[in-house]
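Quick note on the working numbering: the sequence shown kicks off at 42 and runs consecutively. Inspection log for the structure reproduced underneath, given as C-alpha cells.
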Amino acid sequence: MAFSKQKLDVTNDVTGRFQNGRLSLYHDNEMIGQMTSMDEYELKSGYSFENEKFYKTADVVSGNDEKYVDCDYENGWC
C-alpha cells in the first residue's frame, strides 16, 4: 500500500458566496479561494482550476490493502 498525489475533480462540490463584493469559493464548507475576474481565481494551496474544472490535489491510497494476508478465499477464511 502506498500513497500517491492525484488531482481529484471537485467541480460539482464547489459553491460560491458573495462576500465583500467578491465571489468566495467553498469546497465542503471550507473556503478555498476567490474569483478575481472572469476565469481568474486565487485558490488555496492544493486546489487548481484547469479546463473549466476545479481540482483538489490529495494523497490517494494505491496498491493492495496489506491488512489481510494469508487468506484462503476458496475455503472462506482469512
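A virtual CB, placed ideally from N, CA and C, is assigned to each residue, including glycine. Since this is a predicted model, take the numbers as computed values, not measurements.
Residue i vs residue j beta-carbon contact at 8 Å
{"i": "Met79", "j": "Leu66", "result": "no"}
{"i": "Lys94", "j": "Thr56", "result": "no"}
{"i": "Tyr96", "j": "Ser103", "result": "no"}
{"i": "Asp50", "j": "His68", "result": "no"}
Bridge-paired residues (DSSP) for residue i
{"i": "Lys85", "result": "In the DSSP output, where bridge partners are listed per residue, Lys85 has none listed."}
{"i": "Tyr96", "result": "Asp50, Ser89"}
As assigned by DSSP and simplified to three states, the class of residue i
{"i": "Asp54", "result": "helix"}
{"i": "Met76", "result": "strand"}
{"i": "Tyr114", "result": "coil"}
Cβ-heavy atom distance, residue i to the ligand COA, below 7 Å
{"i": "Asp50", "result": "Absent from the structure shown: the ligand COA. Ligands present: none."}
Cα-Cα separation, residue i to residue j
{"i": "Leu64", "j": "Lys46", "result": "28 Å"}
{"i": "Glu115", "j": "Phe44", "result": "30 Å"}
{"i": "Gly87", "j": "Asn70", "result": "16 Å"}
{"i": "Lys85", "j": "Ile73", "result": "5 Å"}
{"i": "Glu81", "j": "Cys112", "result": "52 Å"}
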